[in-house]
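Taking it in order: structure first as structure tokens, then the write-up.
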Amino acid sequence: MCESNNSVEAAMHVAPLELSDNRRQQQIEAALCELQFTMETVKKIGRVFESELEKGIHEEPSSLQMENTYIPELPDGTEKGKFLALDLGGTNFRVILLELDDGKVTDEKVKHYHLDDELKVGCGDRLFGFLAECISDFVKEQNLTGARLPLGFTFSFPMIQKALDVGILVTWTKTFNCPSVVGKDAVQMLKDAIHRRGDTHVEVLAVLNDTTGTLVQGAVLDNRTAIGLILGTGSNACYLERADRVQHWEGQRHGEKQVIIDIEWGAFGDNGVLDFIKTDYDREVDKNSLLATSFTFEKYISGKYLGEIVRVILVRLTANGLLFDGIASKKLLSQNSFPTSYVSQIEQDTVDGGNKNTEDILDKFNLQYTTEDIAVVKYVCEVVSNRSALLVSICLSRLLIRMDRPDTTIAVDGSLFKHHPRLKTWMNKYIQLLAPGKKFRLLLAEDGSGKGAGIVAAIALRLKERFQET
Ligand code: GLC
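Numbering (this note's numbering), first residue to last: 32 to 501.
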């Protein structure tokens, strides 16, 4: 049923499942068939992405926000001094002190703070009050209480940016949901909270997204960097766009040639344009998610959801008598009990040709399994992971074609990319197939959301001084 006559298409599918029972094998493959795309579907996704991208940049209705970040230049090697960075939106909340010299990070102090769930899904003032409290604690600990400190704020949620230091929250995503912040400027809320305390001299100069931080940090490592990608709890990308193509630009232009655009591709398809790839498994994952009916694309590809997709499929296969002798365990039936780290560990078995990780995980679920059940579980993880890699690659290849640069480095960060044993290999292969002749590389730019924020604060300071002079 999933067989392919097209060689490029076949190269994008995973190896067939091999079970002793032919009928069972076919039923399982059929149940997963929709997760492996035909060439026609791959091309259609690419076309739809391109069309949404064009609409977004022209401020027409689109599921891609295409937000102007107002960052028109990358580090130029002159960045120098002490900068603070805040990173909110990933796995941890952190405050960071960076010392820059010649555009490079020469020293870094980081402190992680635990954010209780109550803060993540409660009242906005309390959340920002806590951020200000952490800043104050950190600044004191670094003996910088009296110092004027420029700060770059990585706020990894969709924002409408009116300037480099204005970011109005469109919606929460991932594990956050403090309704009172939606529609408000996150920078102003942070400034107000810092002001209320009045015990530091921190100046919030820039708000940015983690993809932007990753692009900027990537540019420090490799000056061919022009795309930033996050494959972590959430997923998103940004890229350097020609300034003349960008319609939304509040305030004065200063002859900028390019600017970083935050695509916000997590929401790709929220208007229904990607419904042709949505499976029942995706519908179920969405229905049970914190923010249902939003962030469609992110739910196909990111770390917050891959494990849950796998779990939903395993439950369905079991209910249909195709797995674990038809008997699921209580844990398997519990939502979100299958973290994406398990998918990475099972994939590691597939890469190594072993079963140890898979067995350990199935034991944790109190499941009775045969060797063939293990093969099925591995197959499910492979198919779900492969779809994620392919979807990301389709969009990246479209970006490479659009940008049409001689050579592009794609800076990547995020727990899924770092821990999954073969997303990178697949992505390299698929991008080459889908953007033939385009020279590119995937570069791990670790901690873009931290280091990148400090560097963006330095760029913001440079722009501020320059524009004040003119
Ligand atoms: C979510 C956020 C986006 C962020 C991404 C990765 O999609 O909306 O802003 O870049 O997660 O953290």
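Here a beta-carbon is modelled for each residue, glycine too, at the ideal position from N, C-alpha and C.
Residue i in three-state terms, based on DSSP
{"i": "S211", "result": "helix"}
{"i": "L492", "result": "helix"}
{"i": "S51", "result": "coil"}
{"i": "C269", "result": "strand"}
{"i": "H145", "result": "coil"}
{"i": "N397", "result": "coil"}
{"i": "D506", "result": "No statement about residue 506 is possible, as the shown extent of the chain runs from 32 to 501 and does not include it."}
{"i": "E91", "result": "coil"}
{"i": "L354", "result": "coil"}
{"i": "E98", "result": "strand"}
{"i": "A503", "result": "Outside the displayed span of the chain (32 to 501) sits residue 503, for which this structure offers no information."}
{"i": "D138", "result": "strand"}
{"i": "I308", "result": "helix"}
Rounded distance between the beta-carbons of residue j and residue i, thought under 8 Å
{"i": "L262", "j": "L119", "result": "With 8 Å as the limit, L262 and L119 do not qualify as a contact, their Cβ atoms being about 19 Å apart."}
{"i": "L48", "j": "A406", "result": "7 Å"}
{"i": "S416", "j": "A466", "result": "The pair is not a contact, with the Cβ atoms about 21 Å apart (cut-off 8 Å)."}
{"i": "V580", "j": "C209", "result": "Given a span of 32 to 501 for the chain in the structure shown, any question on residue 580 remains unanswerable."}
{"i": "S480", "j": "T245", "result": "7 Å"}
{"i": "D380", "j": "N388", "result": "5 Å"}
Contact under 8 Å by Cβ, residue i with residue j
{"i": "L345", "j": "V408", "result": "yes"}
{"i": "W296", "j": "F328", "result": "yes"}
{"i": "L421", "j": "F68", "result": "yes"}
{"i": "C412", "j": "E390", "result": "no"}
{"i": "Q289", "j": "L305", "result": "no"}
{"i": "Y331", "j": "R418", "result": "yes"}
{"i": "D435", "j": "K470", "result": "no"}
{"i": "T264", "j": "K318", "result": "no"}
{"i": "E440", "j": "T242", "result": "The question names Glu, yet the displayed sequence has Thr at residue 440. Not a contact, by the Cβ cut-off of 8 Å."}
{"i": "A476", "j": "A442", "result": "yes"}
{"i": "L363", "j": "F326", "result": "no"}
{"i": "E339", "j": "V316", "result": "yes"}
{"i": "Q278", "j": "E85", "result": "no"}
{"i": "V55", "j": "L398", "result": "The sequence as given places Arg at residue 55; Val does not occur at that position. Contact flag unset, no."}
{"i": "I392", "j": "E98", "result": "no"}
{"i": "S211", "j": "G155", "result": "yes"}
For residue i: DSSP bridge partner residues
{"i": "Q192", "result": "G198"}
{"i": "F159", "result": "According to DSSP, F159 bridges with nothing at all."}
{"i": "K362", "result": "The partner list for K362 (beta bridge, DSSP) is empty, contrary to what the question assumes."}
{"i": "R497", "result": "R497 is not bridged to any residue."}
{"i": "I258", "result": "Y270 and I441"}
{"i": "Q289", "result": "R273"}
{"i": "G183", "result": "A116 and A237"}
{"i": "D216", "result": "I199"}
Query raised in the report: Counting pairs of beta carbons, one from the segment 158-168 and one from the segment 219-229, are three or more of them closer than 8 Å?
Result: Contact holds: three or more Cβ-Cβ distances are below 8 Å.
**Report entry** Meets three-Cβ-pair contact criterion under 8 Å: the segment 231-239 and the segment 176-183
**Finding:** A contact exists between the segment 231-239 and the segment 176-183.
Query - Inter-stretch contact at 8 Å, needing at least 3 Cβ pairs: the segment 197-215 / the segment 131-145 - result: The segment 197-215 vs the segment 131-145: no contact.
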